[in-house]
Structure formats: structure tokens, C-alpha cells
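In this note's numbering, the protein residues as written are 217 to 499.
In this text, a Cβ means the ideal position worked out from N, Cα and C, and glycines have one as well.
Worksheet: one structure, shown below.
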Ligand code: AMP
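In C-alpha cells, the structure reads:
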């Protein structure tokens, strides 16, 4: 694996690969890599000829300074995992390299309703920061294929919007959420929970599984309220949302017609760690 810290050197390397007809696959991450990230890398290795992974903890997408300060950094282990996986290129820029004129936004992304609902509503400016960093990374890497995790459901929609908005030729692949054997969605933030706390965190997955068994046409509010009560009983201290939505618009579905495809999305705090997860709940 070749490692780059500087944009110009990475771009020189990638330009050579492109002239030989290689397709570039790109996996942007914030590091503290786990099997979920590695699944994205595997998919890229299978689909393209040159896989580029980036590790950059983007300060502009954190609406909570404490979350940014506590974000886990495990660079040596990350490099080893990526080497083992067969990743070709790792890009690890500094903040100065990414934002030479400063971290302030240089443009506003008109995300519309995507920014008013769920993560958008609870994390003001988060998606502006996500668009800012991914726009910059896409400019630098110019990938043919971009690999994203379904774990960040709304982020996938935001980034599809970005690619369309910028009229880029990049194709997005959404990789299903990787979970541990008990169902907990792998997340870099899980490392901030002890083993017993991670057991408590399973309540999210268990409630999503329960929801699938309860779903029938009619009002859905009692189900989401029941899940909120269960999560609080399991030890979650704050619930941002438990929402059953139509997956292409994220419009919340209060009453189900038995036909519309549905996804459940949950965000809640456990021991100060904000966890998110989602699952399609219709077949
Ligand atoms: P992050 O490092 O959290 O910014 O995530 C980088 C990429 O990995 C994003 O596209 C995430 O959606 C994806 N990702 C994170 N966790 C998982 C997971 N458990 N399964 C699949 N993809 C994931």
C-alpha cells in the first residue's frame, strides 16, 4: 500500500493509473477502522482496479466539540488492517492540507429537506460539513466508484444528492451494515463503550428486529413509542429519534398502507455516546 499525505503527490500517482485505464474506487473514512469499513474496501477491491481509502477526522462535520475531541484515533492499527486487506492507496491529509484557507465553509449546499429531518434536524450543519469534506475529497481523488455504508443511511442520500448536484460521473455503491454476531452495528464510537455497555447497546438492534415482527397496516406511532420506552428502560439516556420512514424521501410514515417500503432509523445516546442504526423493515 502506498501512503500519501500530500494532495499533489496523490494526484500524480492517480493520474498515471488513470492513463493505464484503471478504475478508481474510493472509500472515505474517519479511521478507527473496523470490519464495516473493511467491507467497503473489499467491495472496492472486487469492483475496481485501484482502491483508495482516506482517513481524515473532518472537524467541520462535528456539531459537538466533545464528540470531535473524543473521536478515536488508531492510525497504526488502521494502516495494518488496510495493508492486510490489500488496499492500494491510503490518503491521510492534515487539516491544513484539506483546508489551506481555513475550515470555514466556502459554499452552502442546498440540501433541502434532507437537512431538516432526522440527523439533519438533530445535528445542525453536520451535512454541510459532510458535503464540504466529500466535495473536496472527490475533487482530489476523482473516483469512478464511491463506496459508502448503509449504516449512515441519510448520509448516503446526502452524498448521492451531492454527486448529482455536482454532476459528477462517480457511481455510488451502498454496502449493507456490518454487525457483530449479536447484531450491534459496528461503529468507531462503540470503542467508547465497555463490554457490558455494548451489551446494553444491543437494544437498538433487538427493537428493530422486534418491529419487523409487529408491522401491520395501520397507525405506526404506538410501535415507535414502544421502542422509545424500551430503549430508555435498557439504559439509553436520551433518544433523538425513532422514525419509520419511506426510504427515498425519509418522509415519516404515521399510517402504513401495507405496500410502501419502510426503513426504521434510530439515534440515541448511551453513556454519552451517540449511536445510530437503521434497517429496512418491509420485505
Ligand atoms: P466513518 O469512518 O464513520 O466516517 O465511516 C466511513 C464509512 O464506513 C461510511 O461510508 C460509513 O457508512 C461506513 N461504515 C461505518 N460503519 C459501518 C458498518 N458497520 N457497516 C458498513 N459500513 C459502515
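Where do the N-terminal and C-terminal ends of the alpha helix (DSSP H) with residue i fall, by residue?
{"i": "residue 352", "result": "342 to 357"}
{"i": "residue 468", "result": "That residue, residue 468, is in no alpha helix (DSSP H); it is neither H nor E in DSSP."}
{"i": "residue 292", "result": "291 to 301"}
{"i": "residue 229", "result": "223 to 235"}
{"i": "residue 260", "result": "251 to 263"}
{"i": "residue 412", "result": "411 to 417"}
{"i": "residue 328", "result": "No alpha helix (DSSP H) holds residue 328; DSSP gives it neither H nor E."}
{"i": "residue 282", "result": "281 to 285"}
{"i": "residue 313", "result": "311 to 314"}
{"i": "residue 382", "result": "Looking at the DSSP string, residue 382 is not in any alpha helix (DSSP H), and its letter there is neither H nor E."}
{"i": "residue 336", "result": "335 to 338"}
From residue i to residue j, what distance separates their C-alpha atoms?
{"i": "residue 241", "j": "residue 449", "result": "43 Å"}
{"i": "residue 229", "j": "residue 405", "result": "33 Å"}
{"i": "residue 366", "j": "residue 376", "result": "12 Å"}
{"i": "residue 408", "j": "residue 289", "result": "12 Å"}
{"i": "residue 341", "j": "residue 277", "result": "7 Å"}
{"i": "residue 287", "j": "residue 273", "result": "8 Å"}
{"i": "residue 414", "j": "residue 324", "result": "37 Å"}
{"i": "residue 486", "j": "residue 338", "result": "16 Å"}
{"i": "residue 238", "j": "residue 267", "result": "10 Å"}
{"i": "residue 222", "j": "residue 496", "result": "40 Å"}
{"i": "residue 467", "j": "residue 333", "result": "8 Å"}
{"i": "residue 498", "j": "residue 476", "result": "8 Å"}
{"i": "residue 310", "j": "residue 247", "result": "13 Å"}
{"i": "residue 234", "j": "residue 464", "result": "33 Å"}
{"i": "residue 441", "j": "residue 282", "result": "29 Å"}
{"i": "residue 461", "j": "residue 250", "result": "28 Å"}
If we call anything under 8 Å between Cβ atoms a contact, is residue i one with residue j?
{"i": "residue 418", "j": "residue 398", "result": "yes"}
{"i": "residue 469", "j": "residue 481", "result": "no"}
{"i": "residue 403", "j": "residue 491", "result": "yes"}
{"i": "residue 258", "j": "residue 300", "result": "no"}
{"i": "residue 455", "j": "residue 423", "result": "no"}
{"i": "residue 307", "j": "residue 270", "result": "yes"}
{"i": "residue 494", "j": "residue 369", "result": "yes"}
{"i": "residue 256", "j": "residue 391", "result": "yes"}
{"i": "residue 484", "j": "residue 447", "result": "yes"}
{"i": "residue 371", "j": "residue 364", "result": "yes"}
{"i": "residue 362", "j": "residue 343", "result": "no"}
{"i": "residue 227", "j": "residue 356", "result": "yes"}
{"i": "residue 305", "j": "residue 220", "result": "yes"}
{"i": "residue 321", "j": "residue 348", "result": "yes"}
{"i": "residue 244", "j": "residue 353", "result": "yes"}
{"i": "residue 433", "j": "residue 380", "result": "no"}
{"i": "residue 303", "j": "residue 373", "result": "no"}
In the DSSP output, which residue or residues are listed as bridge partners for residue i?
{"i": "residue 269", "result": "243 and 306"}
{"i": "residue 461", "result": "468 and 479"}
{"i": "residue 389", "result": "363"}
{"i": "residue 434", "result": "472"}
{"i": "residue 495", "result": "480"}
{"i": "residue 278", "result": "The partner list for residue 278 (beta bridge, DSSP) is empty, contrary to what the question assumes."}
{"i": "residue 486", "result": "489"}
{"i": "residue 395", "result": "401"}
May I ask which residues mark the beginning and end of the beta strand (DSSP E) holding residue i?
{"i": "residue 220", "result": "218 to 220"}
Consider the Cβ of residue i: report whether some Cβ of chain D lies at a distance smaller than 8 Å.
{"i": "residue 383", "result": "The chain inventory of the structure shown lacks chain D, comprising one protein chain alone."}
Check each residue's C-beta against every heavy atom of the ligand AMP and list, in chain order, those closer than 6 Å. 245, 246, 252, 253, 255, 256, 364, 365, 367, 368, 391, 393, 394, 401, 402, 403 and 404
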